[in-house]
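I have placed the structure first, in the form of structure tokens, so that the comments after it can refer back to it.
Residue numbers (the working numbering), protein chains in the order written: chain A, 8 to 292; chain B, 46 to 321.
Spelled out as structure tokens, the structure:
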């Protein structure tokens, strides 16, 4: 494990925000922290990043690098009156890591930002700010990256390209990536491991695949000539536009899709819908 | 530490509000000079009508030196107010924009970071006073010319042109120590309260309170000798006939000590505080 929090607890004014949470993330792994607003995700990440001192528990970082981990909390916070290169220069210099123009351009290219924009970053879109925030986090090659709600405020194209970037960092550079989000659909798409946090406590933790399998009971199918007659009627299809929403277990979905194709239908997409109420219910871990 | 100071200086240099502050200083001077140009002569004539019958004054009494002295008097309230607003913004803007979070997810020491803020705050204060002095002398001498300086301190004190000039220079220098204390205090208030508006209100309140305390006569008691407001008016001592250098140096040294204590307290609090 590169970064792990053991029994982390934090309270504000007698109100326990994070309660004995243990979370771990290893190299090359993308770990998701799923929780609703106010569940304690940001406080937990702030403790991992050393911004907030835990009342109890400890953060263990197994790295010998100058900067073992870095990240973005809530939103990318930048100097709006400076341009992208100047922001990188400032953040590099305070770490005593003077960055040449080439280093800065390399970082900008790596996160998919143009190297020729000279205007202040206050003019940037949220997606570009997220990318610049990640570029700043990447200065000094940390081994772990902690990203809090990195997809909020991004359009679908921005989400997609940021997801590709995160995957690339985890898979190709073997970085440990921790991502917090309230968007279960988004996290389930690319996380290897998932933690579910509710009212400051981890209520579930398992591989993303296991959790998706356990808590998916609906699918949104999009296609043409979808015929739910006969045995498929028991899945209670609700027709929506070009598709249908059906209630079925993950172990039945292959059968349903095959049947629909056999009935002359064409499937364009099949999106699992996780039952949030069940996922966020308290359980014994 | 040097890298942090460089970064702070760069931020200050690139922020528009630095230039607004310097612009505000010039505007303040222009307003004073403008008022003096239209009303000053009449007021001086009323004040001096009796004295002018008995004494000979070289040149016009409404002259550059008097205006430099009037501008110097902004050290009582206007200038520290402006400085406290600007200097506290060095930190409150970082709280507001969340850039402190971005900084402290990097390997940066909290103590060194906030110490560099204090250092830059003091440097900015020195630059601002130097700028005020330079523009005050430049504009006042250009518009009103030179002449003898008349100052009312318990009684009317008169200084010849050349004598007045260097007394004014030393007074600005001594005033810098006072202004550094207020700047450091405002940054410490910012550390405690984080919020821009609350910091402004409290900094202004601190200044008002200081001005009120200044009017209280503590006599020769320890309060009168050691209270920061009394120490901070040392720059006025240059306008007594006999300059008590020993007292001025001692007062400024104690005030610098207070500044260091306030700064140390701020660093300690900042170091142990979470970055929310």
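All C-beta atoms in this analysis are idealised placements derived from N, C-alpha and C, irrespective of residue type, glycine included.
Please read these numbers as outputs of a predicted model, since none were measured by experiment.
Exercise. Can you list the residues of chain A that residue 144/B reaches, using a CB-CB cut of under 8 Å?
Worked result: 84, 85, 86
Exercise. Mind pulling the chain B residues with CB within less than 9 Å of residue 59/A?
Worked result: 319, 320, 321
Exercise. By how many angstroms is the C-alpha of residue 131/B removed from the C-alpha of residue 112/B?
Worked result: 25 Å
For this session: Please report how far the alpha carbon of residue 50/A lies from the alpha carbon of residue 136/A, in whole angstroms.
Result: 22 Å
For this session: Closer than 6 Å by C-beta to residue 249/A: which residues in its own chain qualify, once you throw out the five before and the five after it? Chain order, please.
Result: 229
Exercise. Using a C-beta cutoff of 8 Å, does residue 292/A count as contacting chain B?
Worked result: Reliability of the predicted coordinates at residue 292/A is poor, the pLDDT of 48 falling under 50, and no value is obtained from them.
Problem set entry | Exposure of residue 113/A, with buried meaning 16 or more beta-carbon neighbours within 10 Å | exposed
Problem set entry | residue 253/A versus residue 181/A - alpha carbon distance | 38 Å
Exercise. Name the chain A residues that come within less than 9 Å of residue 59/B, Cβ to Cβ?
Worked result: 86, 88, 89, 93
Exercise. Thinking just about the alpha-carbon of each residue, which of 218/B, 191/B, 316/B is nearest to the one in residue 209/B?
Worked result: 191/B
Exercise. Quick one: what's got a C-beta closer than 7 Å to residue 276/A's C-beta in the same chain, skipping five residues either side?
Worked result: 229
Problem set entry | Interface partners of residue 120/A on chain B, CB under 7 Å | Under the 7 Å cutoff, chain B gives no residues; its nearest Cβ is about 16 Å from residue 120/A.
Problem set entry | Environment of residue 145/B [buried if 16+ CB atoms lie within 10 Å] | buried
Problem set entry | Simplified DSSP state of residue 17/A, which is helix, strand or coil | strand
Exercise. If you follow the beta strand (DSSP E) that residue 204/B is part of, which residue opens it and which one closes it?
Worked result: 200–204
For this session: Report yes if the C-beta distance between residue 150/A and residue 211/A is below 8 Å; otherwise report no.
Result: no
Exercise. Going straight from the alpha carbon of residue 54/B to that of residue 95/A, what length do you get?
Worked result: 16 Å
Exercise. With 16 other CB atoms within 10 Å as the buried threshold, where does residue 265/B fall?
Worked result: exposed
For this session: Tell me whether the beta-carbon of residue 316/B lies closer than 8 Å to the beta-carbon of residue 155/B.
Result: yes
For this session: Report back the beta-carbon spacing between residue 2/A and residue 36/A to the nearest angstrom; my notes put them in contact at under 8 Å.
Result: This structure does not reach residue 2/A, given that chain A is present from 8 up to 292, and the question cannot be answered.
For this session: Starting from the C-beta of residue 318/B, find all residues in its chain whose C-beta is less than 8 Å away, skip the five residues before and the five after it, and write them out in chain order.
Result: 236
Exercise. Quick one, which of 212/B, 119/B, 177/B, 184/B has its alpha-carbon nearest residue 194/B's?
Worked result: 212/B
Exercise. Which residue's Cα is closest to the Cα of residue 287/A: 30/A, 118/A, 40/A?
Worked result: 40/A
Problem set entry | Neighbouring residues, chain A, relative to residue 153/B (Cβ below 9 Å) | 101, 102
Exercise. Would the beta-carbon of residue 248/B fall within 8 Å of that of residue 133/B?
Worked result: yes
Exercise. Using the C-alpha atoms, what's the distance from residue 55/A back to residue 275/B?
Worked result: 48 Å
Problem set entry | Buried/exposed call for residue 241/A, threshold 16 Cβ in 10 Å | exposed
Exercise. Hey, quick one: how far does the beta strand (DSSP E) through residue 153/B stretch, first residue to last?
Worked result: From DSSP, residue 153/B is part of no beta strand (DSSP E); its letter is neither H nor E.
For this session: With a threshold of 16 other CB atoms inside 10 Å of the CB of residue 292/A, please say whether the residue is buried or exposed.
Result: Only weak support is given to the placement of residue 292/A: the predicted model assigns it a pLDDT of 48, under 50, and the value that follows is read from those uncertain coordinates. Result: exposed.
Exercise. Taking Cβ positions only, does residue 56/A come closer than 8 Å to chain C?
Worked result: Of the chains in the structure shown, none is chain C; the protein chains are A and B.
For this session: Note down, in chain order, every chain B residue with its Cβ under 9 Å from the Cβ of residue 287/A.
Result: In chain order: nothing, as chain B lies at least about 26 Å away.
Exercise. Looking at the C-beta of residue 134/A, does it have a partner C-beta in chain B at a distance below 8 Å?
Worked result: no
Exercise. Hey, residue 87/A and residue 134/A: beta-carbon distance below 8 Å or not?
Worked result: no
For this session: Please confirm whether residue 136/B and residue 157/B have their CB atoms less than 8 Å apart.
Result: no
Problem set entry | Test: residue 107/A CB closer than 8 Å to a CB of chain B | no
For this session: Using the Cα positions of residue 271/A and residue 173/A, report the straight-line distance between them to the nearest angstrom.
Result: 39 Å
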